[in-house]
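A.B. asks:
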Amino acid sequence: MDAVLVLFCRRPRLGEGKQRLSRALGASAALTISRALLDCALEDAAAWPGTLVIAPYGTADATWAAGLLARAVAVQPQPGGNLGERLSAVDAAVRALGHERLLFIGSDAPSLTVPDLCAAAAALERSDVVLAAAQDGGVTLMGARCGWPDLAPLPWSEPSLGRALESACRARGLSVTQMAPSYDVDEASDLATARRALAADSRPARRRLHELLLGFTA
5 MDAVLVLFCR RPRLGEGKQR LSRALGASAA LTISRALLDC ALEDAAAWPG TLVIAPYGTA
65 DATWAAGLLA RAVAVQPQPG GNLGERLSAV DAAVRALGHE RLLFIGSDAP SLTVPDLCAA
125 AAALERSDVV LAAAQDGGVT LMGARCGWPD LAPLPWSEPS LGRALESACR ARGLSVTQMA
185 PSYDVDEASD LATARRALAA DSRPARRRLH ELLLGFTA
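Quick note: the sequence shown uses our numbering, first residue 5, plus one each step.
Set out below in structure tokens:
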């Protein structure tokens, strides 16, 4: 597998990240869920058959990121800026090492599977860009075999993000393949969706997340 998987993540800390969950459920509950979600992403990252890059939220967490998995991993900390600027900077840094096909995921889409990731990588053999839509209008996965258009002005964290991202790519003359849509976990209302979707998922980290979510959803 010559495609590179890049995991964007934030070190779970009390009161940091998942602010919408924190406002709805409290900081402690949001932290617990964030840790479980990260474990799901790491579960897939550990099984990824190609090069893996972990992009923590800042250089201060580079050592933490390097020790997350037993397998070989490169660490490319995110710089400052909005999410689009950070994605572009990490993308450029990884491409500078000679890599061409890059897949980006976050740590909040537990429905993704390694076969999903491999299918997305395969799509980049015939398409410039691959996207997987989230139910909230964002994306759960984005990949490209060339540099991205300017991502900074896109409406990150808004329901129009997915459409805007695809439009920006097509405006640059890039071909786009859309994968099957799924969901991510940003709001308290997403927990019931995740609980239902994970009910039959046998992956260990997903089982733990499902059991955790039973305590937060009726």
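Yeah, the Cβ is synthetic: ideal placement off N, Cα and C, and Gly gets one too. Quick caveat: nothing in here was measured; it's all calculated off a predicted structure.
(1) Within 10 angstroms of its Cβ, does M183 collect 16 or more other Cβ (buried), or is it exposed?
(2) Where does Q23 sit, in a helix, a strand or coil, going by DSSP?
(3) Please confirm whether F220 and A100 have their CB atoms less than 8 Å apart.
(4) At the level of alpha carbons, what is the spacing between A78 and H103?
(5) How about A7 and P114: do their beta carbons lie closer than 8 Å?
(6) In three-state DSSP terms, what is P185?
(7) Tell me, please, which residues DSSP counts as bridged to P60.
(8) Can you give me the Cβ contacts of D65 inside the same chain, cut-off strictly under 6 Å, excluding the 5 residues immediately before and after it?
(9) Check the DSSP bridge columns for M5 and list the partner residues they point to.
(10) Determine the extent of the alpha helix (DSSP H) in which L70 is found, giving its start and end residues.
(11) Since L9 and G54 should fall inside the 8 Å C-beta cutoff, what is the C-beta to C-beta distance between them, to a whole number of angstroms?
(12) Between the stretch 152 to 166 and the stretch 200 to 220, do three or more beta carbon pairs fall short of 8 Å?
(13) DSSP state of T144, grouped into three classes?
(14) Grouping DSSP H, G and I as helix and E and B as strand, with all else coil, what is A198?
(15) For S111 versus L213, is the C-beta spacing smaller than 8 Å?
C.D. replies: Checking against the coordinates, here is how it stands:
(1) In the sequence shown, counting from the first residue as 1, residue 183 sits at position 179. Buried, by the Cβ-count rule.
(2) In the sequence shown, the residue the question calls residue 23 occupies position 19. Here Q23 sits in helix by DSSP.
(3) Here residue 220 refers to the residue found at position 216 of the sequence shown. Here residue 100 refers to the residue found at position 96 of the sequence shown. Their beta carbons are not under 8 Å apart, which means F220 does not touch A100 by this criterion.
(4) In the sequence shown, residue 78 corresponds to position 74, counting from 1. In the sequence shown, residue 103 corresponds to position 99, counting from 1. Those two C-alpha atoms are separated by around 13 Å.
(5) The sequence position of residue 7 within the sequence shown is 3, counting from 1. The sequence position of residue 114 within the sequence shown is 110, counting from 1. No, the Cβ-Cβ distance between A7 and P114 is not below 8 Å.
(6) In the sequence shown, the residue the question calls residue 185 occupies position 181. P185 falls in the strand class under three-state DSSP.
(7) As a first step, residue 60 must be located in the sequence shown, where it is residue number 56. C13.
(8) Looking up residue 65 in the sequence shown gives position 61. R15, listed in sequence order.
(9) Position 1 of the sequence shown, counting from 1, holds the residue named residue 5. In the DSSP output, where bridge partners are listed per residue, M5 has none listed.
(10) In the sequence shown, counting from the first residue as 1, residue 70 sits at position 66. The amino acid occupying residue 70 in the given sequence is Ala; Leu does not appear at that position. A70 -> alpha helix (DSSP H) spans 66 to 70.
(11) In the sequence shown, residue 9 corresponds to position 5, counting from 1. In the sequence shown, residue 54 corresponds to position 50, counting from 1. About 6 Å; that satisfies the 8 Å criterion.
(12) no
(13) Translated into the one-based positions of the sequence shown, residue 144 becomes position 140. Strand.
(14) Working through the sequence shown from its first residue, we reach residue 198 at position 194. Helix at A198.
(15) Counted from its first residue, the sequence shown places residue 111 at position 107. Counted from its first residue, the sequence shown places residue 213 at position 209. The answer is no: Cβ separation not under 8 Å.
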